[in-house]
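Participant:
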Amino acid sequence: MFESGQTKEALLAQQEERMVPLDFVISQFYAKESDVGLTEMDEEVRTNLETQFDLVSSMYRKLEENNMDISSEIIRYVNEYETYDRYEGYIQIESMDQLAVQKEKAEIINAHGIEYIEEEMPYNSSLFALQIMNLFLNPITLLFLLLIVNFKFTSDQRNKIFEWMQLNSVSKKNISFSFLGAFVLTTIMYALIIMVVSLLPMIITGNFQTIHYPVELFTNDGTSFIAAWKLLLYIPIGWMVFAIMILYINVIFIKITQSASFAFILSVLIMGSLYIVNYNFGLQIWNPIHLLINYEIDLFVQYAFVDFLIIILILTAIIQILGFFLLKLNFSFQIKYNNNFRQSLYKPSRHFKLLSFEALRKKRNHTLSLSVAIVSILALAYYFNIDQEYHEIPEIYHEALTDYRDELIRNGAAQETLLLESELSLENAKNSGAEDSTIEEIEDATNLYSQMVDDTAYYIDEINALLENIGSADFNEEYRALFETIREDYGGYEIADETGPSVSDLSTDEMNEYFEENQIEPRPIGDTQISNFGNPNKNTEFFASADSDLHIAFYENNRDISNDTMFTVQKFFQHHIPLLLTILFVLIIWSSFSDVYKPNGVYDFIFTKPFTERMVLFSKWCFNLLSTYILLLIGAIILIAISAALGGIGSLNYPIVIYEHESLYATSTEYSTYAPLDEVFYRLDTISTVLMEASVILFLVVFFTASLHAVIGRFSKHHYVTSLVTLAVIAIGYASTLFYTEASWMWLNPFIYFDVWDVADGWQSIVVNDPRVNFANGAIILTILSVVLLIIGLISNRKRAM
Numbered sequence: 064m065f066e067s068g069q070t071k072e073a074l075l076a077q078q079e080e081r082m083v084p085l086d087f088v089i090s091q092f093y094a095k096e097s098d099v100g101l102t103e104m105d106e107e108v109r110t111n112l113e114t115q116f117d118l119v120s121s122m123y124r125k126l127e128e129n130n131m132d133i134s135s136e137i138i139r140y141v142n143e144y145e146t147y148d149r150y151e152g153y154i155q156i157e158s159m160d161q162l163a164v165q166k167e168k169a170e171i172i173n174a175h176g177i178e179y180i181e182e183e184m185p186y187n188s189s190l191f192a193l194q195i196m197n198l199f200l201n202p203i204t205l206l207f208l209l210l211i212v213n214f215k216f217t218s219d220q221r222n223k224i225f226e227w228m229q230l231n232s233v234s235k236k237n238i239s240f241s242f243l244g245a246f247v248l249t250t251i252m253y254a255l256i257i258m259v260v261s262l263l264p265m266i267i268t269g270n271f272q273t274i275h276y277p278v279e280l281f282t283n284d285g286t287s288f289i290a291a292w293k294l295l296l297y298i299p300i301g302w303m304v305f306a307i308m309i310l311y312i313n314v315i316f317i318k319i320t321q322s323a324s325f326a327f328i329l330s331v332l333i334m335g336s337l338y339i340v341n342y343n344f345g346l347q348i349w350n351p352i353h354l355l356i357n358y359e360i361d362l363f364v365q366y367a368f369v370d371f372l373i374i375i376l377i378l379t380a381i382i383q384i385l386g387f388f389l390l391k392l393n394f395s396f397q398i399k400y401n402n403n404f405r406q407s408l409y410k411p412s413r414h415f416k417l418l419s420f421e422a423l424r425k426k427r428n429h430t431l432s433l434s435v436a437i438v439s440i441l442a443l444a445y446y447f448n449i450d451q452e453y454h455e456i457p458e459i460y461h462e463a464l465t466d467y468r469d470e471l472i473r474n475g476a477a478q479e480t481l482l483l484e485s486e487l488s489l490e491n492a493k494n495s496g497a498e499d500s501t502i503e504e505i506e507d508a509t510n511l512y513s514q515m516v517d518d519t520a521y522y523i524d525e526i527n528a529l530l531e532n533i534g535s536a537d538f539n540e541e542y543r544a545l546f547e548t549i550r551e552d553y554g555g556y557e558i559a560d561e562t563g564p565s566v567s568d569l570s571t572d573e574m575n576e577y578f579e580e581n582q583i584e585p586r587p588i589g590d591t592q593i594s595n596f597g598n599p600n601k602n603t604e605f606f607a608s609a610d611s612d613l614h615i616a617f618y619e620n621n622r623d624i625s626n627d628t629m630f631t632v633q634k635f636f637q638h639h640i641p642l643l644l645t646i647l648f649v650l651i652i653w654s655s656f657s658d659v660y661k662p663n664g665v666y667d668f669i670f671t672k673p674f675t676e677r678m679v680l681f682s683k684w685c686f687n688l689l690s691t692y693i694l695l696l697i698g699a700i701i702l703i704a705i706s707a708a709l710g711g712i713g714s715l716n717y718p719i720v721i722y723e724h725e726s727l728y729a730t731s732t733e734y735s736t737y738a739p740l741d742e743v744f745y746r747l748d749t750i751s752t753v754l755m756e757a758s759v760i761l762f763l764v765v766f767f768t769a770s771l772h773a774v775i776g777r778f779s780k781h782h783y784v785t786s787l788v789t790l791a792v793i794a795i796g797y798a799s800t801l802f803y804t805e806a807s808w809m810w811l812n813p814f815i816y817f818d819v820w821d822v823a824d825g826w827q828s829i830v831v832n833d834p835r836v837n838f839a840n841g842a843i844i845l846t847i848l849s850v851v852l853l854i855i856g857l858i859s860n861r862k863r864a865m
């Protein structure tokens, strides 16, 4: 028996939603029987509905007892509803499309004698094995494997391992093949270990039969199911084959170029090119990128993935044969590359001698190249994540439309029931000779219910048509047009809330006009611009309430999704990636003042030159600052380049909501709008302006962090203690901004400005309820504190240990 959780709760909620309309419709049949009697067909329908209700009740009881073996009941329920649906003139309670999907899944589960299992944290099932495999066998782990291979080659080359092997009569070709072979075996062992570890919990707990559990894959035509064992077999084999192929290509590039860094870049470019081909042309039987990502449903129809693997293995063999001849011919061209850093002389530039010295130290211990590689991988991985979400838009649309259609069907069932009651009341009123005014009142209600039923049926048909049109060029426009019409027909914010409109309501209308005037494609997948007040990641206090499920669903179906450059860079800031990279640089590459004050032959040498202590310390501070700026710039360039190539630049004038505190009422500009529900002002500004302000705040945050690191390093004896204490101070300072949001001095806390995007768009002033937390004050405070900390670090007296 599987322990129940999210899946159980979802199934329970589903049965509750079914029981309400079923009970309601059945009661109406009994009411009709007592008033005017039932026809033979009515009795058949009522019997059918009572059978459905009994099945739903049985499933509900089982789920409450943590028994998720309900597949047979689901199959019987769908069969009964299909019989009910064939009767004409009765209330539609369920969507036949959704029921068909549920029946298909239930039939697969029932055929293999298993039960429904948890899909959130299925620790003892095949779904857990799939989650582990996706976590450890993905493009990111492959990039890190490539990084290790190239780092190992560079290390062996600098330590003259290859030269030593040649002196012992080992040919260059054999050296290359032995180097490749070692990592091929490592790759195979890694994939096998992950495979065994993934399957182990399922085997130990005796749930091996769950390998037949149906896994959903979405296509434009709807939802399809494949057995979990196919993915459990395909993912490790596919990752292993692709890894061996790219490793082989990488070693060939190393041999040809004699540069591990250049070989790494070429290998990543090949992977990127394969992804771009897949992005533009979809499934190609010769494209090995499908081994790594984009598991196409066509590969898993019957055993098509076996044919695909065979074709890719043949392609791998061809590449190996070509590589063998290239290695045998000893063909190569030399990249100008200094492979002898440890023996290189210290030749600084004329004007930046100490900076050159710090850079040389980092080159010798490989931290510079390691940092560049990590930044490159993280930038590529981040865009890959953004792009993957963008390609899931059809699935998001499908889920949003089916959910809304099901809601309309439930509403329609209630409306038809009210219509039936009203028609019976009207007939009874006429038969009993009621007053004309009473009859007229009942007729008006009946006409209203009839119109509501017709409108709901119309929108259900429109949504069904949209579902068939997912993926077409004009789908987005049709989707937004339909939901704008629904919003108008059912009433907008003017009557939805007595307290007045929200920022989301007002900005939606304002932005839609802006989009039309400037011919800009909106980002939201829905028809509403969601403000931070409606974002569960921002307005955490509101969304912590128990009644927030509907709001979360509304956010999920209307959130911004794109893959262009402007959107990618915006998310790069919002997810605090530059700040996380800065923290990583503090640990990996930053040079601390502590190094100067302990016995060190390097600085003993430096102080024999005409350099003062403060010059050395200042050069270290400058190196930390400049290296971070340069590395962040490299990451930004990579991110911008790949996003521009695949998703386009995007509009520099895309509107962004800027929040202004309510206390600014007297000074608010004519361009600001007040949203009474959220009690804030807001205005629209261009994304380019907000990005510029966020970049300035980021620049100053790095400036402040470097100065803080300098002060701590001045009083610390060890480099790593300096780095860890710096990060601890940042963590404590940032935590204070979360727990003391209402403190009157919070605007003076420099760590409140570490959320650079929230400072730039004004949201931080709303969070701490203080209009003084803004871009201008943040820039001033960070600059002043940075300069003060730097001066303290430079003027403090401390003797060097001898």
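Per the working numbering, residue 64 is the first one in the sequence shown, and the count goes up by one each step. Glycine included, C-beta positions come from ideal geometry on N, C-alpha and C. Computed from a predicted structure; not experimentally measured.
Quick check on the burial criterion: 16 or more other C-beta atoms within 10 angstroms. Buried or exposed for Gln-347?
Facilitator: In the sequence shown, the residue the question calls residue 347 occupies position 284. So Gln-347 ends up on the exposed side.
Participant: Between His-639, Met-303, Thr-217 and Lys-293, which has its C-alpha nearest Thr-320's C-alpha?
Facilitator: For the purposes of this step, residue 320 is taken as residue 257 along the sequence shown, with counting starting at 1. Of His-639, Met-303, Thr-217 and Lys-293, the residue nearest in Cα terms is Thr-217.
Participant: Assign Gly-841 to buried or exposed, taking buried as 16 or more other Cβ atoms, counted over all protein chains shown, within 10 Å of its Cβ.
Facilitator: Counted from its first residue, the sequence shown places residue 841 at position 778. It is buried - the Cβ of Gly-841 has at least 16 other Cβ atoms within 10 Å.
Participant: May I ask you to report which of helix, strand or coil DSSP gives Ala-444?
Facilitator: What you label residue 444 is simply residue 381 of the sequence shown in a count that begins at 1. Looking at Ala-444 - three-state DSSP - the assignment turns out to be helix.
Participant: Measure how close the beta-carbons of Thr-519 and Asn-474 come, nearest whole angstrom, since I'm counting them as under 8 Å.
Facilitator: Position 456 of the sequence shown, counted from the first residue, corresponds to residue 519. Position 411 of the sequence shown, counted from the first residue, corresponds to residue 474. Right, the Cβ-Cβ distance comes to about 6 Å (below 8 Å), so this counts as a contact.
Participant: Mind checking who Leu-747 pairs with in its DSSP beta bridge?
Facilitator: As a working mapping, residue 747 is identified with position 684 in the sequence shown. Leu-747 pairs with Val-720.
Participant: DSSP three-state label for Ala-463, please.
Facilitator: Sequence index remark: in the sequence shown, residue 463 carries index 400 (1-based). Looking at Ala-463 - three-state DSSP - the assignment turns out to be helix.
Participant: Touching or not, the region 826-845 and the region 772-782, by the rule of three or more beta carbon pairs under 8 Å?
Facilitator: no
Participant: Does the Cβ-Cβ distance between Ala-769 and Trp-820 come in under 8 Å?
Facilitator: Here residue 769 is taken as the residue at index 706 of the sequence shown, counted from 1. Here residue 820 is taken as the residue at index 757 of the sequence shown, counted from 1. In this structure, Trp-820 does not lie closer than 8 Å to Ala-769 by Cβ.
Participant: With C-beta atoms as the reference, is Ser-135 less than 8 Å away from Asn-270?
Facilitator: Stepping through the sequence shown from its first residue, residue 135 is reached at position 72. Stepping through the sequence shown from its first residue, residue 270 is reached at position 207. Taking 8 Å as the Cβ cut-off, Ser-135 and Asn-270 do not qualify as a contacting pair.
Participant: For Ser-67, I'd like the list of residues in its chain whose CB is within less than 6 Å of its CB, leaving aside the five on either flank, ordered along the chain.
Facilitator: In the sequence shown, residue 67 corresponds to position 4, counting from 1. With a pLDDT of only 34 at Ser-67, under 50, the local geometry of the prediction cannot be trusted, and the value read off the model is given with reservation. Hits under 6 Å: Asn-129.
Participant: Ordered along the chain, which non-local residues of its own chain (more than five positions away) have a Cβ less than 6 Å from that of Thr-628?
Facilitator: Counting from 1 along the sequence shown, the entry for residue 628 is found at position 565. Within the same chain, Thr-628 has close Cβ partners Ile-703, Ser-706, Ala-707, Ile-712 and Gly-713.
Participant: At which residues does the alpha helix (DSSP H) containing Ala-192 begin and terminate?
Facilitator: Position 129 of the sequence shown, counting from 1, holds the residue named residue 192. Residues 189-199.
Participant: My output table needs one value for Val-278: the three-state DSSP class, helix, strand or coil.
Facilitator: To locate residue 278, count along the sequence shown from 1; it is residue 215. DSSP places Val-278 in strand when its eight states are reduced to three.
Participant: Smallest Cα separation from Ile-309: which of Asn-621, Val-278 and Asn-350?
Facilitator: Position 246 of the sequence shown, counted from the first residue, corresponds to residue 309. Out of Asn-621, Val-278 and Asn-350, Asn-350 has the C-alpha closest to the C-alpha of Ile-309.
Participant: Between the C-alpha atoms of Ser-690 and Glu-170, what's the straight-line distance to the nearest angstrom?
Facilitator: In the sequence shown, counting from the first residue as 1, residue 690 sits at position 627. In the sequence shown, counting from the first residue as 1, residue 170 sits at position 107. Here the alpha carbons of Glu-170 and Ser-690 stand approximately 59 Å from one another.
Participant: Could you tell me the distance, in whole angstroms, from the CA atom of Glu-725 to the CA atom of Ile-203?
Facilitator: Taking the first residue of the sequence shown as 1, we reach residue 725 at position 662. Taking the first residue of the sequence shown as 1, we reach residue 203 at position 140. Their Cα atoms are separated by approximately 45 Å.
Participant: Tell me which residue opens and which closes the alpha helix (DSSP H) that Thr-846 is part of.
Facilitator: As a first step, residue 846 is located in the sequence shown; it is residue number 783 there, counting from the start. Note, Thr-846: alpha helix (DSSP H), 838-858.
Participant: Phe-722: which of Asp-524, Thr-846 and Glu-742 sits nearest, CA to CA?
Facilitator: For the purposes of this step, residue 722 is identified with residue 659 of the sequence shown, where counting begins at 1. The sequence given here places Tyr at residue 722; Phe does not occur at that position. Closest option to Tyr-722, Cα to Cα, is Glu-742.
Participant: Near Leu-408, what residues of its chain come up, given a Cβ to Cβ distance below 6 Å and the 5 sequence neighbours on each side ignored?
Facilitator: Numbered from 1 along the sequence shown, position 345 holds the residue referred to as residue 408. Low local confidence applies: a pLDDT of 49 at Leu-408 is under 50, so the model's placement there is unreliable, and no value is given.
Participant: Quick check on the DSSP output: the alpha helix (DSSP H) that includes Tyr-140 runs from which residue to which?
Facilitator: Position 77 of the sequence shown, counted from the first residue, corresponds to residue 140. Counting along the chain, the alpha helix (DSSP H) containing Tyr-140 begins and ends at 134-148.
Participant: For my contact list, Leu-262 and Ala-192 are in at a C-beta cut-off of 8 Å; report their separation, rounded to the angstrom.
Facilitator: As a working note, residue 262 is residue 199 in the sequence shown. As a working note, residue 192 is residue 129 in the sequence shown. That belief holds up - the Cβ atoms of Leu-262 and Ala-192 are roughly 5 Å apart, short of 8 Å.
Participant: Can you tell me whether Ser-287 is helix, strand or coil according to DSSP?
Facilitator: On the sequence shown, residue 287 is found 224 positions in, with the first residue counted as 1. Residue state, collapsed to three classes: strand.
Participant: Any idea which residues DSSP pairs Thr-736 with across the strands?
Facilitator: For this step, residue 736 is matched to residue 673 along the sequence shown. According to DSSP, Thr-736 bridges with Tyr-745.
Participant: For the alpha helix (DSSP H) that contains His-782, what are its first and last residues?
Facilitator: Here residue 782 refers to the residue found at position 719 when the sequence shown is read from its first residue. It spans 782-802 - the alpha helix (DSSP H) in which His-782 sits, taken as one unbroken run.
Participant: Give the DSSP-derived three-state secondary structure of Trp-227 in the structure shown.
Facilitator: The residue labelled residue 227 in the question sits at position 164 within the sequence shown. Trp-227 falls in the helix class under three-state DSSP.
Participant: Assuming Lys-243 and Val-314 are in contact, meaning their beta carbons sit under 8 Å apart, how far apart are those beta carbons, in whole angstroms?
Facilitator: Taking the sequence shown and counting its residues from 1, the one referred to as residue 243 is at position 180. Taking the sequence shown and counting its residues from 1, the one referred to as residue 314 is at position 251. Before going on, a small fix: residue 243 reads as Leu here, not Lys. Leu-243 to Val-314, Cβ: 5 Å. Contact.
Participant: Restricting to Cα atoms, I'd like to know which of Ile-156, Asp-148, Glu-455 and Val-99 is closest to Val-516.
Facilitator: Here the question's residue 516 lines up with position 453 in the sequence shown. Nearest neighbour of Val-516 by Cα position, chosen from Ile-156, Asp-148, Glu-455 and Val-99, turns out to be Ile-156.
Participant: Just the Cα atoms here: how many angstroms apart are Phe-116 and Gln-165?
Facilitator: What you label residue 116 is simply residue 53 of the sequence shown in a count that begins at 1. What you label residue 165 is simply residue 102 of the sequence shown in a count that begins at 1. So the alpha carbons of these two residues sit roughly 17 Å apart.
Participant: Just list the alpha helix (DSSP H) runs in the region 289-338, keeping only unbroken ones of 4 residues or longer that don't cross its boundaries, in chain order.
Facilitator: 291-320
Participant: Whose C-beta lies closer than 7 Å to the C-beta of Phe-368 among residues of the same chain, with five residues either side of it excluded?
Facilitator: The residue given as residue 368 occupies position 305 in the sequence shown. Excluding positions up to five away in sequence, the list reads Lys-293, Tyr-297 and Leu-362.
Participant: Are there 16 or more other CB atoms within 10 angstroms of the CB of Met-809, so buried, or fewer, so exposed?
Facilitator: Here residue 809 corresponds to residue number 746 of the sequence shown, with the count starting at 1. Classification for Met-809: buried.
Participant: Can you look up Leu-255 in the DSSP assignment and give me helix, strand or coil?
Facilitator: For the purposes of this step, residue 255 is taken as the residue at position 192 of the sequence shown. Note: Leu-255 maps to helix in three-state DSSP.
Participant: What first and last residue would you give for the alpha helix (DSSP H) that runs through Leu-162?
Facilitator: Residue 162 sits at position 99 when you count from the first residue of the sequence shown. Note, Leu-162: alpha helix (DSSP H), 159-174.
Participant: Helix or strand or just coil, what does DSSP make of Met-131?
Facilitator: As a first step, residue 131 must be located in the sequence shown, where it is residue number 68. Three-state DSSP puts Met-131 in coil, outside helix and strand.
Participant: Excluding the five sequence neighbours on either side, which residues of its own chain have a C-beta within less than 6 Å of the C-beta of Thr-379, listed in chain order?
Facilitator: For this step, residue 379 is matched to residue 316 along the sequence shown. Closer than 6 Å at the Cβ level, and outside the excluded window around Thr-379, lie Met-308.
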